[in-house]
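From first to last, the protein sequence lines stand for chains A and B. Be aware that the first sequence starts at 16, since it is given in my numbering, and climbs by one per residue. Be aware that the second sequence starts at 14, since it is given in my numbering, and climbs by one per residue. Beta carbons: idealized from backbone N, C-alpha and C, even for Gly. Working notes for the structure below.
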Amino acid sequence: MSDLAVLSSFLVSAVGLAVPLALAALGETVSQRAGVINIGLEGSVIWGALGGALGSLAGGGYAGLLAGALTGAAAAFIFAAFAVRLNTDQIITGTAVTIGSLGFTGAVYQSRFGATGVALELETLPVWEVPLLSRIPVIGPALFDQELTAYLVYVMVPLLAWFLFRTRWGLALRAAGESPEAAHAAGVPVVRTRMLAAVFAGAMAGLAGAHLSLAHTGTFTENMSAGKGFIAIAVVVLGRWRPAGILAAALFFGGAEALQFTLQAVDADLPYPLFLALPYVLSLAALAGWFGRSRAPEGLALPWPRRGH
Amino acid sequence: MSNPSHAARFRADLLPVLGAATALLATMAIAAALLALGGHSPGIAFGALVRGAFGSWHNFVSVTLVQTTPLLLTGLAVALAFKARVWNIGAEGQLHAGALAGVAVAVSLPLSSSLLLLPATLLAAAAAGALWAAVPAAMKTRMGVGEVITTLLMNFVALFLAQFLVQGPLRESRGALPQTDAIPAGAELPVLIPGFRLHLGFLIGILIAVALWLYLSRTAGGFRIRAVGASPRAAEVSGRFRTGPVIWRAFLASGAIAGMAGWIQVSGITRRMYEGLSPGWGYTAIAVALLARLHPLAAVLTAIVFGALSAGGAAMQREAGVPDAWVRGIEALVILAVLAVDRGLQAFSDRTARGETRRRAQTGTASGLA
Numbered sequence: 016m017s018d019l020a021v022l023s024s025f026l027v028s029a030v031g032l033a034v035p036l037a038l039a040a041l042g043e044t045v046s047q048r049a050g051v052i053n054i055g056l057e058g059s060v061i062w063g064a065l066g067g068a069l070g071s072l073a074g075g076g077y078a079g080l081l082a083g084a085l086t087g088a089a090a091a092f093i094f095a096a097f098a099v100r101l102n103t104d105q106i107i108t109g110t111a112v113t114i115g116s117l118g119f120t121g122a123v124y125q126s127r128f129g130a131t132g133v134a135l136e137l138e139t140l141p142v143w144e145v146p147l148l149s150r151i152p153v154i155g156p157a158l159f160d161q162e163l164t165a166y167l168v169y170v171m172v173p174l175l176a177w178f179l180f181r182t183r184w185g186l187a188l189r190a191a192g193e194s195p196e197a198a199h200a201a202g203v204p205v206v207r208t209r210m211l212a213a214v215f216a217g218a219m220a221g222l223a224g225a226h227l228s229l230a231h232t233g234t235f236t237e238n239m240s241a242g243k244g245f246i247a248i249a250v251v252v253l254g255r256w257r258p259a260g261i262l263a264a265a266l267f268f269g270g271a272e273a274l275q276f277t278l279q280a281v282d283a284d285l286p287y288p289l290f291l292a293l294p295y296v297l298s299l300a301a302l303a304g305w306f307g308r309s310r311a312p313e314g315l316a317l318p319w320p321r322r323g324h
Numbered sequence: 014m015s016n017p018s019h020a021a022r023f024r025a026d027l028l029p030v031l032g033a034a035t036a037l038l039a040t041m042a043i044a045a046a047l048l049a050l051g052g053h054s055p056g057i058a059f060g061a062l063v064r065g066a067f068g069s070w071h072n073f074v075s076v077t078l079v080q081t082t083p084l085l086l087t088g089l090a091v092a093l094a095f096k097a098r099v100w101n102i103g104a105e106g107q108l109h110a111g112a113l114a115g116v117a118v119a120v121s122l123p124l125s126s127s128l129l130l131l132p133a134t135l136l137a138a139a140a141a142g143a144l145w146a147a148v149p150a151a152m153k154t155r156m157g158v159g160e161v162i163t164t165l166l167m168n169f170v171a172l173f174l175a176q177f178l179v180q181g182p183l184r185e186s187r188g189a190l191p192q193t194d195a196i197p198a199g200a201e202l203p204v205l206i207p208g209f210r211l212h213l214g215f216l217i218g219i220l221i222a223v224a225l226w227l228y229l230s231r232t233a234g235g236f237r238i239r240a241v242g243a244s245p246r247a248a249e250v251s252g253r254f255r256t257g258p259v260i261w262r263a264f265l266a267s268g269a270i271a272g273m274a275g276w277i278q279v280s281g282i283t284r285r286m287y288e289g290l291s292p293g294w295g296y297t298a299i300a301v302a303l304l305a306r307l308h309p310l311a312a313v314l315t316a317i318v319f320g321a322l323s324a325g326g327a328a329m330q331r332e333a334g335v336p337d338a339w340v341r342g343i344e345a346l347v348i349l350a351v352l353a354v355d356r357g358l359q360a361f362s363d364r365t366a367r368g369e370t371r372r373r374a375q376t377g378t379a380s381g382l383a
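Following this line, the structure appears as structure tokens:
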């Protein structure tokens, strides 16, 4: 392969790998802006992957996407019912939802398809080639020859930026995350806002999961989310809780993940587990502030109403 | 009431036990409903589970208690950290780091006496686990980065590091399988009862549980950990001690215990390190610690509960055809049930506390006492 072709194929897989991270992280941004950190995002991703697989079997790829969003939202609803409505600890609750989701998706998958059967084969999502734009050298195929989910990311970035920073609802949502007391005093229904934000994040994470099973692999395997939900939370921090920043950060992580495929194609002897570890190490570096720092919403992960009052 | 403080203490002691029992019962009810929904018979499944876990001395000692051991150690690690409000979700990674370090020392040190080899490997495992916890500890205390995500991410790094090492530098000398060489006999933990698989590691777990209980309840260091856990800000503004070192200590000790858990499993049971050593003990540990209300002695009991669940889960799959993934789901249900019951208890005690204050205010004894 020519160098340019290598670069082009690297970019195609970088964008493809960035899409699920961007979807989940965009949702989590809305949730965290409302003051809810959802470690159960990983659970929504794996439910989305399973929901996507089952939906696709029942009604094709787009039904799969819808089912993925719904199952992801359902997992997040359970999280929110506990962490927001019952006001339990957000971190423990999110961890429990993740553990339970990995367990129950495995249980559903095993009882539906058998424990050691042949790999499930799913109809993959069709690729939409945008006329003209996809012909741009090098970046054209990467950006404009992708699945529907990629275009959804392109649409969601400006839409969410507008919603969060230009609308009254966005202001109310951010107030619920920055200072629930002040928001409450100003008449914002803090609990309802936080519930809705968390469930939205779950739907987006579910789409991310459906992308994993329907666009990447065309199959479902247990634990296939493999920490994508956790990396998405690091993407939120790296992207500084802003949709455009999320997009850039997701592309960065997608690139880090795509590197292993590209390098393996170049030299098969490279120790691939170390490359698999790369996105996680980079996530840690990102959180450590190697790429600049930013401030989390003031009321993030704090209970509302305050306990003991 | 003649002696309200007596009654209050009794209630304070009994409520957590009742709460844990309620949470377990609620979990069983929900699990039964879900099993039925999944087309399984809850009666047959639970029967297989109980028989698998407790059906014979062999099942209880050689399966359940063997499964209990890593859960007890990681559960204690999590309980200690949570006590200081350090959300260490990274026991799984610390366990792998400890197992790797223990194996590396065991196969490379030219020692054969277990009197030297066992302490050396245990120390190496504890150090590696502590090192793995030091990264999130530094990020939390120096940079203010929350430890939940960092400890989680460190888990993945540890898993891939283990994968790399057993495929490469630490691969067995035959080179056939992605696993390390068998450890020398001197590095093996002895069994406790001849004829059973249960090994010294279980006793080490119980000793650590007792030591942690004494440390937390009887020493100044333990008091600081509890104070930071109860309210980091209050501990800081009290000015009596700095919270940073307390958080560090909780992180390092927690990581060290989890690290030992990994090596003890290799040393007592598997004799080799390979990918997938742990089925997620570091995560189940959270349920162990929470159900025990972070009490080290209670963690011995809750670790047996989850050890039985894991041992019984295998039997459930064999005999009732219930996928073993169910066990993970049930663990999560336990955590959620504990959280919900806790909230209920808190609302209850808030209400009684308010009632108490009102009564005292009416009799004019509230001033300065509360």
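| Query | Result |
| --- | --- |
| Can at least three beta-carbon pairs, one atom from the region 353 to 364 of chain B and one from the region 102 to 114 of chain B, be found at a separation below 8 Å? | no |
| Whole angstroms is fine: what's the gap from residue 119 of chain A's alpha carbon to residue 58 of chain A's? | 10 Å |
| In this structure, what does DSSP give as the bridge partners for residue 143 of chain A? | A/161 |
| Whose CA, out of B/366, B/340, B/346, lies closest to the CA of residue 43 of chain B? | B/346 |
| Given this structure, state the Cα-to-Cα distance separating residue 336 of chain B from residue 134 of chain A, to the nearest angstrom. | 17 Å |
| So the candidates are B/158, B/321, B/205, B/268; which of them puts its Cα closest to the Cα of residue 295 of chain B? | B/268 |
| The alpha helix (DSSP H) with residue 145 of chain B in it runs from where to where? | 127 to 156 |
| Apart from the five residues just before and just after residue 159 of chain A, which ones in its own chain have a Cβ nearer than 6 Å to its Cβ? | 145, 148, 149 |
| For residue 192 of chain B, list the residues DSSP reports as bridge partners. | B/287 |
| Write down the C-beta distance between residue 302 of chain B and residue 312 of chain B rounded to the nearest angstrom, noting that I regard them as a contact closer than 8 Å. | 6 Å |
| Can you list, in chain order, the residues of its chain whose CB lies under 6 Å from that of residue 27 of chain A, leaving out five sequence neighbours each side? | 156, 157 |
| Determine the closest residue to residue 92 of chain A out of A/300, A/80, A/56, with distance taken between C-alpha atoms. | A/56 |
| Among residues of its own chain, excluding the 5 on either side of residue 358 of chain B, which ones have a beta-carbon nearer than 7 Å to its beta-carbon? | 28, 32 |
| Using a Cβ-Cβ distance cut-off of 8 Å, determine whether residue 169 of chain A contacts chain B. | no |
| Can you tell me whether DSSP reads residue 204 of chain B as helix, strand or coil? | strand |
| In chain B, which residues lie with their C-beta within 8 Å of the C-beta of residue 286 of chain A? | 177, 180, 181 |
| Are the region 58 to 66 of chain B and the region 326 to 333 of chain B touching, with three or more C-beta to C-beta distances below 8 Å? | yes |
| For a contact defined as C-beta to C-beta under 9 Å, what are the partners of residue 102 of chain A on chain B? | 356 |
| Please report the residue range of the alpha helix (DSSP H) in which residue 135 of chain A lies. | Careful: residue 135 of chain A lies outside any alpha helix (DSSP H) and carries neither H nor E. |
| Along chain B, which residues have their Cβ under 7 Å away from the Cβ of residue 304 of chain A? | 156 |
| Looking at the structure shown, is residue 308 of chain B part of a helix, part of a strand, or coil, going by DSSP? | coil |
| With DSSP as the reference, label residue 53 of chain B as helix, strand or coil. | coil |
| Under a Cβ-count criterion, where at least 16 other Cβ atoms within 10 Å of its own Cβ denotes burial, should residue 317 of chain B be classed as buried or exposed? | buried |
| Could you name the residues of the region 271 to 300 of chain A whose beta carbon sits closer than 8 Å to any beta carbon of chain B, in the order they occur along the chain? | 286, 288, 289, 291, 292, 295, 296, 298, 299 |
| Between the C-alpha atoms of residue 65 of chain A and residue 226 of chain A, what's the straight-line distance to the nearest angstrom? | 11 Å |
| Would residue 379 of chain B count as contacting chain A if we go by Cβ distances under 8 Å? | Low confidence applies here, because residue 379 of chain B scores a pLDDT of 38, under 50, leaving its location unreliable; read the following figure in that light. For residue 379 of chain B, the answer is no, since every Cβ of chain A falls outside 8 Å of its Cβ. |
| Taking contact to mean 3 or more Cβ pairs, one atom from each stretch, closer than 8 Å, check whether the region 162 to 181 of chain B and the region 195 to 202 of chain B are in contact. | no |
| Can you give, in chain order, each stretch of the alpha helix (DSSP H) that sits fully within the region 38 to 100 of chain A and has at least 4 residues? | 56 to 74, 76 to 95 |
| Excluding the five sequence neighbours on either side, which residues of its own chain have a C-beta within less than 7 Å of the C-beta of residue 35 of chain A, listed in chain order? | 223, 226, 227, 243 |
| Relative to chain A, which residues along the region 73 to 105 of chain B have a C-beta separation below 9 Å, given in chain order? | 95, 100, 102 |
| Pick from A/314, A/237, A/95: whose alpha carbon is nearest that of residue 198 of chain A? | A/314 |
| Give the single residue among A/275, A/142, A/183 whose Cα lies nearest to the Cα of residue 165 of chain A. | A/142 |
| Starting from residue 239 of chain A, follow the alpha helix (DSSP H) in both directions and report where the run begins and ends. | Premise fails: residue 239 of chain A is in no alpha helix (DSSP H) and is neither H nor E. |
| For residue 386 of chain B and chain A, any beta-carbon pair shorter than 8 Å? | It is not possible to answer for residue 386 of chain B, since the shown part of chain B is limited to 14 through 383. |
| Exposed or buried, residue 170 of chain A, counting other C-beta atoms within 10 Å across all chains shown (16 or more means buried)? | exposed |
| Can you name the residues that DSSP bridges to residue 212 of chain B? | B/204 |
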